[in-house]
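Q: In my numbering, the protein residues as written are 1362 to 1590.
Note that beta-carbon positions come from the ideal geometry of N, C-alpha and C, so glycine has one too.
1. Once DSSP output is grouped into helix, strand and coil, what is the label at residue 1465?
2. Can you tell me where the alpha helix (DSSP H) holding residue 1539 begins and where it ends?
3. Using the three-state DSSP reduction, which class does residue 1560 fall into: helix, strand or coil?
4. According to DSSP, is residue 1477 part of a helix, a strand, or is it coil?
5. If you compare alpha carbons, which of 1531, 1524, 1586 and 1561 is closest to residue 1543?
6. Alpha carbon to alpha carbon, how far is residue 1581 from residue 1509?
7. Considering only the beta carbon of each residue, do residue 1573 and residue 1479 sit closer than 9 Å?
8. To the nearest angstrom, how far is the alpha carbon of residue 1471 from that of residue 1559?
9. Could you give the distance in angstroms between the alpha-carbon of residue 1469 and the alpha-carbon of residue 1507?
10. On the premise that residue 1547 lies in contact with residue 1564, defined as a C-beta separation below 8 Å, what is that separation, rounded to the nearest angstrom?
11. Within a Cβ cutoff of 6 Å, which residues of the same chain sit near residue 1538, ignoring the five residues on either side of it in sequence?
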């Protein structure tokens, strides 16, 4: 015997599941999924499927209630975002940061100043450390490599800082200064990049950021001109 949630008695669970009231209850489950910041969760519908609503979770039917003008703007914005970084090397957060630099001179000045004074350091790869050595030898090797890499990074920082100062003296806009430093970073000597263990696509990343910022600056100028007119 099976007692249903309503308190009624049935000879078996199978008989209970054959009743119209139970058969009318549908549960559609989809595993939680995240992709590009979106999520899909379980859709639960109780009772007969209601197809009268234009956007129905059971039927999956979706109607577009946006005006043609709004839909066009959304499509245009999506296309601009897709075309903004054709290299695919920049994270969306980096793109937003570069947009801020293009549109906010104060923020651009701060970022350019920081960029000119940075040490670019990476972790020492494990394969460059002694194998099966005692702790003292490993630590000595680490300290020696760290000292050399830090000295190399400081030397490059001083050169980059002097270059930044020269750009400021020329009176260039902050966003353009930031763009020039990206170009400077892209052309670092190979020996320096090898010493610091920079990634193979370091140059491409710097140039991708430069190109994106250049486009963002042009967009900011166009928007400013449209506002003034």
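A: Walking through what the data contain:
1. Residue numbering aside, residue 1465 sits at position 104 when the chain shown is read from its first letter. Note: residue 1465 maps to coil in three-state DSSP.
2. Position 178 of the chain shown, counted from the first residue, corresponds to residue 1539. That run of the alpha helix (DSSP H) goes 1535-1547.
3. Residue mapping note: residue 1560 aligns to position 199 of the chain shown, counting from 1. The answer is coil: DSSP assigns residue 1560 none of H, G, I, E or B.
4. The residue labelled residue 1477 in the question sits at position 116 within the chain shown. Correct three-state label for residue 1477: helix.
5. As a first step, residue 1543 must be located in the chain shown, where it is residue number 182. If we check each option's Cα against that of residue 1543, 1524 comes out closest.
6. Within the chain shown, numbered from 1, the residue matching residue 1581 stands at position 220. Within the chain shown, numbered from 1, the residue matching residue 1509 stands at position 148. Going by the C-alpha atoms only, they are around 43 Å apart.
7. By 1-based counting over the chain shown, the position of residue 1573 is 212. By 1-based counting over the chain shown, the position of residue 1479 is 118. It is not a contact, given that the beta carbons lie outside the stated cut-off.
8. If you number the chain shown from 1, residue 1471 lands on position 110. If you number the chain shown from 1, residue 1559 lands on position 198. Using only the alpha carbons, I get a separation of about 25 Å.
9. As a first step, residue 1469 is located in the chain shown; it is residue number 108 there, counting from the start. As a first step, residue 1507 is located in the chain shown; it is residue number 146 there, counting from the start. The alpha-carbon atoms of residue 1469 and residue 1507 are separated by roughly 32 Å.
10. Against the chain shown, residue 1564 aligns to sequence position 203. Against the chain shown, residue 1547 aligns to sequence position 186. The pair is a contact, with the Cβ atoms about 5 Å apart (cut-off 8 Å).
11. On the chain shown, residue 1538 is found 177 positions in, with the first residue counted as 1. Cβ within range, chain order: 1473 and 1528.
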